[in-house]
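Student: Residue numbers (this note's numbering): 3 to 699.
Note that the Cβ used here is the ideal one computed from N, Cα and C, for glycine as well.
One structure coming up, written as structure tokens, with questions to follow.
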Amino acid sequence: MGWRCCSHINQGHGMVNRNKMKTAKSFLQELRSNTAGNTLAMAGMAIFPLAAMIGGGVDVSRIYLVQTRLQQACDAGALAGRRQMGSGNWTATSNTSAQNMFKANFETDAFGSYDGTSSFSENAGTVTGIASVKVDMAVMQMFGFGTKDVSVECDASMSIPNTDVMFVLDTTGSMNCPDTGSSYCSNNGNREASNARIRGLRSAVKCFYETLAKRNSDEDCGSTPAAGSENTAHLRFGFVPYSTNVNVGKLLPNDYIADRWTYQSREAVTRLENVVVDYTPGTPYLYGSTFYYDGGWSGRSTIDTHYDVRNRNACNDLQPEDYDDMSDSEGSRYNEYTWTSGGQQITRWYTDVRGSRYDYSTSYSSRNDRCQIRLRTRDIVEQREYRQVNTPVYEQQQVFSHYDYKPVTFNVSGLKAGGSTWNGSVDLPVGNEGLDTGVSWDGCIEERQTVRTTSFSPIPVAAYDLDIDRMPTTGDPATQWGPLLETAVWGRYDNYGNRTSGTVSTSNNLSRNFSYTCANEARKLQRWDTPSDFDAYLDDLDAIGSTYHDIGLIWGARLLSPTGIFSSENAASDTGGAIDRHLIFMTDGDTVTSSTQYTSYGVEWYDRRRTSANSAPSTSDLTTQVNSRFLAMCNAIKNKNITLWVVSFGNGVSAGSITNLRNCATSGKFYNASNSAELLTNFRSIANDISQLRLTN
Numbered sequence: 003m004g005w006r007c008c009s010h011i012n013q014g015h016g017m018v019n020r021n022k023m024k025t026a027k028s029f030l031q032e033l034r035s036n037t038a039g040n041t042l043a044m045a046g047m048a049i050f051p052l053a054a055m056i057g058g059g060v061d062v063s064r065i066y067l068v069q070t071r072l073q074q075a076c077d078a079g080a081l082a083g084r085r086q087m088g089s090g091n092w093t094a095t096s097n098t099s100a101q102n103m104f105k106a107n108f109e110t111d112a113f114g115s116y117d118g119t120s121s122f123s124e125n126a127g128t129v130t131g132i133a134s135v136k137v138d139m140a141v142m143q144m145f146g147f148g149t150k151d152v153s154v155e156c157d158a159s160m161s162i163p164n165t166d167v168m169f170v171l172d173t174t175g176s177m178n179c180p181d182t183g184s185s186y187c188s189n190n191g192n193r194e195a196s197n198a199r200i201r202g203l204r205s206a207v208k209c210f211y212e213t214l215a216k217r218n219s220d221e222d223c224g225s226t227p228a229a230g231s232e233n234t235a236h237l238r239f240g241f242v243p244y245s246t247n248v249n250v251g252k253l254l255p256n257d258y259i260a261d262r263w264t265y266q267s268r269e270a271v272t273r274l275e276n277v278v279v280d281y282t283p284g285t286p287y288l289y290g291s292t293f294y295y296d297g298g299w300s301g302r303s304t305i306d307t308h309y310d311v312r313n314r315n316a317c318n319d320l321q322p323e324d325y326d327d328m329s330d331s332e333g334s335r336y337n338e339y340t341w342t343s344g345g346q347q348i349t350r351w352y353t354d355v356r357g358s359r360y361d362y363s364t365s366y367s368s369r370n371d372r373c374q375i376r377l378r379t380r381d382i383v384e385q386r387e388y389r390q391v392n393t394p395v396y397e398q399q400q401v402f403s404h405y406d407y408k409p410v411t412f413n414v415s416g417l418k419a420g421g422s423t424w425n426g427s428v429d430l431p432v433g434n435e436g437l438d439t440g441v442s443w444d445g446c447i448e449e450r451q452t453v454r455t456t457s458f459s460p461i462p463v464a465a466y467d468l469d470i471d472r473m474p475t476t477g478d479p480a481t482q483w484g485p486l487l488e489t490a491v492w493g494r495y496d497n498y499g500n501r502t503s504g505t506v507s508t509s510n511n512l513s514r515n516f517s518y519t520c521a522n523e524a525r526k527l528q529r530w531d532t533p534s535d536f537d538a539y540l541d542d543l544d545a546i547g548s549t550y551h552d553i554g555l556i557w558g559a560r561l562l563s564p565t566g567i568f569s570s571e572n573a574a575s576d577t578g579g580a581i582d583r584h585l586i587f588m589t590d591g592d593t594v595t596s597s598t599q600y601t602s603y604g605v606e607w608y609d610r611r612r613t614s615a616n617s618a619p620s621t622s623d624l625t626t627q628v629n630s631r632f633l634a635m636c637n638a639i640k641n642k643n644i645t646l647w648v649v650s651f652g653n654g655v656s657a658g659s660i661t662n663l664r665n666c667a668t669s670g671k672f673y674n675a676s677n678s679a680e681l682l683t684n685f686r687s688i689a690n691d692i693s694q695l696r697l698t699n
């Protein structure tokens, strides 16, 4: 975008002496009527029109020079005022900058001008200037032309070309720490401090948005974009939050994710056994009975009386026998229980038969030889125990033996729901004894094929993970990505508790001896015309996990590239115009790695995709890998004509990391912010640099 200027020149006309014109006319008439010796006089008279022509050219040139320099001074003043205004408001300081720049380019009374005036004002972000001077004619005064008025106008505004901006933002655990920095704070207990760096980052990005998009976020950025100044050009923002991993999987078409992927997992092993599949019922039989009383005895009552009984023994002989009356019906079965013994299935149950016990006694009176028969009763229950023995029916079947903990390839195509739509989980045979169980997927991915090397200049051809633009080939997992499935993965250790890369066979459920975090979901490039949506996305960012710079930068480049997997969306603006591309990378610390983390390259102690296959990687090995790949990706991005801005945030970044970050950035595009206030200033400066100051009239 360039300057477009229009200048308006007002030239006043001086008065001509009519008496002098009449005298000249009479003289010429007399000269014409008297032809004797007038050749010399006529030649002399020809000098006047020639002088007017030459003088007019001289004075017009002076007017053009004054007008040109006045226009240049007006333009310079408008630009200076708009630049000083930046993303804020028009102030006295802005006006002073404009006037000083005008005066520096057009001195008072320059080129013979005088009575000069200049003024500047602002409306909806556009600075307008008006300047005027007076110029006296030098030669043409002889012909009655006097003072000329020359005036110009100029406008300057801050605007942007077609622009795509991709934010690659460090959302690791240390972003919860205070922005003042502390070597003792690693993640602040995964809780945001009141002045957490993640809060400073949210504020800085929102103010960046205000500056560039001219839309009002919920952040207090010191000024509010003027009404009607919203940027309507092609302006898109995208986001890649990163920590240990990046959450980009559900942004991809189904074909970009492999149907089958290998994980450090477990596989259920079975063996052939005779398995009881049914039982042949046996005949129930009474196993035994138990009697018990239900309640107390009734009172005794006389039921019969005998007289003339000679003695007590004779009375006792008259006493009936005690007995139980169990004539009630047998009740329903209850307390049924089944067990196996010796391969047989035994079922036991109980029933009750209710009845009464009759208990007799006598009462003898020798005075009148009377014998009374007395009776009391009590409820009684017979509890009958029945059993039934069932004979087993056998069939040979495969039964669970143990788990083999090892790398296992699973079919993960169940995550695909068509097009670019995804399911949130897939059934895999990793449950108890190999049963299918739902394994959830949050969207983080494992990277495609890489190479084991520490030299990335140039990037090896087979390192598909570092190829920004390579399209995946359906059916070729080397070129595709895999879903990162936490609950499908186990570590392995031997009987002494040491990690081992070999297969571990056990019927036990091993613990998952690794850690896992997945960053917030990334966003493809898109317009954010609704500020509340932009604010909400930033407010939802969580700070958790370790610092793997390479994976964040890789995917920031992929989502921004005009010639890669999103070329149909990124190649040109809606009107077909070219696009300026900017990637803003922000981090608050050094690379932090661990071989026991589940990363985009698997659980690195076990998978060893980018380190030696023959030994477990050290933290130093992994840090070297991440830093080397990060710097290789920096160069690849800059080679794609993408402006790479890098911001280091906080005081906890080592000198070596600062050097890497500075080398990563496009020349002159590295910033270092020690606190949130400086970070906001840095982001606003980047936004102003991305904007182009230009004249609009």
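In this structure, how does DSSP classify alanine 158 when only helix, strand and coil are distinguished?
Tutor: Counting from 1 along the sequence shown, the entry for residue 158 is found at position 156. Three-state DSSP puts alanine 158 in a strand.
Student: Taking three-plus beta-carbon pairs below 8 Å as touching, is the segment 170–184 in contact with the segment 87–101?
Tutor: With the cut-off at 8 Å, the segment 170–184 and the segment 87–101 do not touch.
Student: State the beta-bridge partners of cysteine 666 as determined by DSSP.
Tutor: Stepping through the sequence shown from its first residue, residue 666 is reached at position 664. Cysteine 666 pairs with nothing; no bridge assigned.
Student: Among residues of its own chain, excluding the 5 on either side of aspartate 623, which ones have a beta-carbon nearer than 7 Å to its beta-carbon?
Tutor: Locating residue 623 in the sequence shown gives position 621, where the first residue counts as 1. Answer for aspartate 623: Thr613, listed in chain order.
Student: Give the straight-line distance between the Cα atoms of alanine 2 and proline 283, rounded to the nearest whole angstrom.
Tutor: Given that the chain is displayed from residue 3 to residue 699, the structure contains no residue 2 and the question cannot be resolved.
Student: Specify the secondary structure class of tryptophan 492 as computed by DSSP and reduced to three states.
Tutor: Mapped onto the sequence shown, residue 492 falls at position 490. Here tryptophan 492 sits in coil by DSSP.
Student: Have a look at threonine 549 and serine 225 and give me their C-alpha separation to the nearest angstrom.
Tutor: Stepping through the sequence shown from its first residue, residue 549 is reached at position 547. Stepping through the sequence shown from its first residue, residue 225 is reached at position 223. If you take the alpha carbons of threonine 549 and serine 225, they lie about 34 Å apart.
Student: Let me confirm a value: tyrosine 700 is counted as buried when at least 16 other C-beta atoms fall within 10 Å, else exposed. Which label applies?
Tutor: Absent from the model: residue 700. The displayed extent of the chain is 3 to 699, so no value can be given.
Student: Locate the alpha helix (DSSP H) running through arginine 560, then write down its first and last residues.
Tutor: Against the sequence shown, residue 560 aligns to sequence position 558. Note, arginine 560: alpha helix (DSSP H), 551–562.
Student: Can you list, in chain order, the residues of its chain with a C-beta nearer than 6 Å to that of valine 506? Leave out the 5 residues immediately preceding and following it.
Tutor: For the purposes of this step, residue 506 is taken as the residue at position 504 of the sequence shown. So the list reads Tyr407 and Arg494, once near-sequence residues are dropped.
Student: Can you check which of these residues, Tyr600, Asp592, Ala316 and Thr565, is closest to asparagine 643 by C-alpha distance?
Tutor: Mapped onto the sequence shown, residue 643 falls at position 641. Of Tyr600, Asp592, Ala316 and Thr565, the residue nearest in Cα terms is Thr565.
Student: Which residue wins for smallest C-alpha separation from isoleucine 348, given the options Leu377, Arg389 and Tyr325?
Tutor: Counting from 1 along the sequence shown, the entry for residue 348 is found at position 346. Answer by Cα proximity: Arg389.
Student: Buried or exposed: alanine 667, going by 16 or more other Cβ atoms within 10 Å of its Cβ?
Tutor: Sequence index remark: in the sequence shown, residue 667 carries index 665 (1-based). Looking at its Cβ environment, which holds 16 or more other Cβ atoms inside 10 Å, alanine 667 is buried.
Student: Thinking C-beta only, is valine 207 closer than 8 Å to alanine 524?
Tutor: Taking the sequence shown and counting its residues from 1, the one referred to as residue 524 is at position 522. Taking the sequence shown and counting its residues from 1, the one referred to as residue 207 is at position 205. No, these two residues do not count as a Cβ contact at 8 Å.
Student: Grab me the residues of aspartate 257's own chain with a C-beta within less than 6 Å of its C-beta, minus the 5 sequence neighbours each way, in chain order.
Tutor: Position 255 of the sequence shown, counted from the first residue, corresponds to residue 257. The answer, listed in chain order, is Thr476.
Student: Rounded to whole angstroms, what is the Cα-Cα separation between arginine 359 and serine 291?
Tutor: In the sequence shown, the residue the question calls residue 359 occupies position 357. In the sequence shown, the residue the question calls residue 291 occupies position 289. Arginine 359 and serine 291: Cα-Cα distance of roughly 16 Å.
Student: Which first and last residues belong to the beta strand (DSSP E) in which glycine 340 is found?
Tutor: Counted from its first residue, the sequence shown places residue 340 at position 338. It is threonine, not glycine, that sits at residue 340 in the sequence shown. Note, threonine 340: beta strand (DSSP E), 336–343.
Student: Spell out the partners DSSP gives histidine 308 in its beta bridges.
Tutor: The residue you call residue 308 lines up with position 306 of the sequence shown. Bridge partners of histidine 308: Cys373.
Student: Taking tryptophan 424 and lysine 671 to be in contact with their CB atoms under 8 Å, please state how far apart those CB atoms are, rounded to whole angstroms.
Tutor: Mapped onto the sequence shown, residue 424 falls at position 422. Mapped onto the sequence shown, residue 671 falls at position 669. Tryptophan 424 to lysine 671, Cβ: 36 Å. No contact.
Student: Whole angstroms is fine: what's the gap from arginine 356's alpha carbon to methionine 328's?
Tutor: Translated into positions along the sequence shown, residue 356 becomes position 354. Translated into positions along the sequence shown, residue 328 becomes position 326. For arginine 356 and methionine 328, the distance between alpha carbons rounds to 6 Å.
Student: For serine 115, name the three-state secondary structure that DSSP assigns.
Tutor: Within the sequence shown, numbered from 1, the residue matching residue 115 stands at position 113. Serine 115: strand per DSSP, three-state reduction.
Student: Between which two residues does the beta strand (DSSP E) carrying glycine 357 extend?
Tutor: Numbered from 1 along the sequence shown, position 355 holds the residue referred to as residue 357. 346–367 is the span of the beta strand (DSSP E), which, as asked, contains glycine 357.
Student: How far does the beta strand (DSSP E) with valine 242 in it reach, from first residue to last?
Tutor: For the purposes of this step, residue 242 is taken as the residue at position 240 of the sequence shown. 237–244 is the span of the beta strand (DSSP E), which, as asked, contains valine 242.
Student: Could you pull the start and end residues of the beta strand (DSSP E) that methionine 139 belongs to?
Tutor: Here residue 139 corresponds to residue number 137 of the sequence shown, with the count starting at 1. No beta strand (DSSP E) contains methionine 139, which DSSP labels as neither H nor E.
Student: For a test of the three-state rule: what should DSSP assign to serine 678, helix, strand or coil?
Tutor: The residue labelled residue 678 in the question sits at position 676 within the sequence shown. Three-state result, serine 678: helix.
Student: On the three-state DSSP scale, how would you describe cysteine 209?
Tutor: One-based indexing of the sequence shown puts residue 209 at position 207. Looking at cysteine 209 - three-state DSSP - the assignment turns out to be helix.
Student: Quick check: the segment 376–385 against the segment 292–305, are at least 3 beta-carbon pairs closer than 8 Å?
Tutor: Yes: the two stretches touch, three or more of their Cβ pairs being nearer than 8 Å.
Student: Report yes if the CB atom of tyrosine 498 is closer than 8 Å to the CB atom of alanine 480, and no otherwise.
Tutor: Locating residue 498 in the sequence shown gives position 496, counting from the first residue. Locating residue 480 in the sequence shown gives position 478, counting from the first residue. Contact flag unset, no.
Student: According to DSSP, what are the bridge partners of threonine 130?
Tutor: Your numbering for residue 130 matches position 128 in the sequence shown. Ser123 and Asp157.
Student: Identify, in the order they occur along the chain, each residue of the same chain with its Cβ nearer than 6 Å to the Cβ of cysteine 317, setting aside the five sequence neighbours on each side.
Tutor: What you label residue 317 is simply residue 315 of the sequence shown in a count that begins at 1. These residues qualify, in order along the chain: Val311, Thr364, Tyr366 and Cys373.
Student: Skipping 5 residues on each side, what residues in its chain have a beta carbon closer than 6 Å to that of tyrosine 281?
Tutor: For this step, residue 281 is matched to residue 279 along the sequence shown. The residues are Gln347, Asn392 and Pro394.
Student: Would DSSP call tyrosine 258 helix, strand or coil?
Tutor: As a first step, residue 258 is located in the sequence shown; it is residue number 256 there, counting from the start. Note: tyrosine 258 maps to helix in three-state DSSP.
Student: I'd like the list of long-range same chain contacts for tyrosine 339, defined as Cβ closer than 6 Å, with 5 residues on each side in sequence excluded.
Tutor: In the sequence shown, the residue the question calls residue 339 occupies position 337. Here the set comprises Arg350.
Student: What number of angstroms, rounded off, separates the C-alpha of proline 286 from the C-alpha of aspartate 324?
Tutor: Walking along the sequence shown from the start, residue 286 turns up at place 284. Walking along the sequence shown from the start, residue 324 turns up at place 322. Between proline 286 and aspartate 324, the C-alpha separation is close to 32 Å.
Student: Excluding the five sequence neighbours on either side, which residues of its own chain have a C-beta within less than 6 Å of the C-beta of proline 431, listed in chain order?
Tutor: By 1-based counting over the sequence shown, the position of residue 431 is 429. Here the set comprises Asp438.
Student: Check whether the segment 237–248 touches the segment 520–539, taking contact to mean three or more Cβ pairs, one atom from each stretch, closer than 8 Å.
Tutor: Yes, the segment 237–248 is in contact with the segment 520–539.
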